[in-house]
Structures are given as structure tokens and as C-alpha cells.
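One structure is given here, and the rest of the page talks about it.
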Amino acid sequence: MFESVISAPVVAAIAVDAASRVPGVRVQPGLTDLVGAVARLARQRVKGLAPAATEGVRVRFPSEHSTSIKIDIALSGLDQATAAAHLVQQAVAGAVTAATGLAVTSVQVSILDIDLPQWFS
Numbered sequence: 011m012f013e014s015v016i017s018a019p020v021v022a023a024i025a026v027d028a029a030s031r032v033p034g035v036r037v038q039p040g041l042t043d044l045v046g047a048v049a050r051l052a053r054q055r056v057k058g059l060a061p062a063a064t065e066g067v068r069v070r071f072p073s074e075h076s077t078s079i080k081i082d083i084a085l086s087g088l089d090q091a092t093a094a095a096h097l098v099q100q101a102v103a104g105a106v107t108a109a110t111g112l113a114v115t116s117v118q119v120s121i122l123d124i125d126l127p128q129w130f131s
């Protein structure tokens with residue numbers, strides 16, 4: 011019998027990639043993500059691996075075949091926050107399901123920052 015295990019960093023990397031492809035969105039790591047990133051980057055460099063971005067995403071597995079995702083983003087000041095968050099939810103859920111076969115039970119989007127244009131101030 012064939013068994014596969016999909017780890018949280020794999021799902022997080024897929025989520026970061028999908029969210030980053032939404033126009034006007036960038037994934038925004040929090041402080042705990044930055045601390046964890048330093049340790050992960052050092053470990054991957056020692057092993058000779060190319061690091062995949064996972065900061066700003068938290069992944070849980072409520073069951074064996076499903077996942078829930080929390081993602082922190084920043085928006086350009088020209089985008090409507092609710093519309094952009096909805097696009098991120100759709101992009102992340104679709105990409106994770108397509109790449110892993112896992113059912114995505116929820117994608118919670120937190121908008122941590124909005125980049126306002128210079129002329130706005």
C-alpha cells in the first residue's frame with residue numbers, strides 16, 4: 011500500500027505562492043514567523059536545500075485528508091480589502107487542493123498592512 015504524508019511547510023509554501031500571485035497582495039510575515047524563518051533558513055542551507063517561502067502562513071490538519079490555513083497579507087492601497095481577501099481565499103484553496111489533493115476547510119486571511127501610495131498622504 012502506498013502512503014504519503016504532506017507536511018505543513020509544503021502546504022504553507024503552496025499558499026504563499028498562490029497568495030503572492032493575486033495582484034496587489036504580498037504575504038506579510040509576523041514576528042514569530044521571522045524568528046522561525048531564521049532557524050529554517052540556516053537548517054536548509056546546511057542541508058544544501060533551496061528555501062521555499064512559508065512565513066506568514068499557519069497550517070493545521072483537522073483530519074487526515076483536510077487542512078485549514080491562516081495567512082497574513084499586506085495590500086496595495088489601491089485595492090479593496092474584502093475583494094482582495096476573497097481572491098486570496100480562492101487562490102490559496104484552489105492551489106492547495108490542486109497540488110496536494112487535500113480538502114481545504116478554511117482559509118482565514120488577516121490584513122496586517124496596507125501600502126498607501128505617496129500621493130495619498
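The numbering used here runs 10 ahead of the 1-based position in the sequence shown.
Beta carbons: idealized from backbone N, C-alpha and C, even for Gly.
In this structure, D125 is the residue among T115, D125 and Q38 with its C-alpha nearest to the C-alpha of G87.
If you draw a straight line from the Cα of E13 to the Cα of T110, it comes to about 13 Å. In this structure, L85 and A91 form a Cβ contact; the two beta carbons are roughly 6 Å apart against a cut-off of 8 Å. Cα atoms of A103 and T115: separation of roughly 8 Å, rounded to the nearest angstrom. With contacts defined as CB atoms closer than 8 Å, V117 and I79 qualify as a contacting pair. It is roughly 21 Å from the alpha-carbon of T77 to the alpha-carbon of I121. For V69, same chain residues with a beta-carbon under 7 Å away, outside a window of 5 residues either side, are A18, V21, A22, T77 and I79 in chain order. Around the CB of A94, 16 or more other CB atoms lie within 10 Å, so the residue is classed as buried. Exposed is the label assigned to E74, since fewer than 16 other Cβ atoms lie within 10 Å of its Cβ. Under the three-state reduction of DSSP output, Q118 falls in the strand class.
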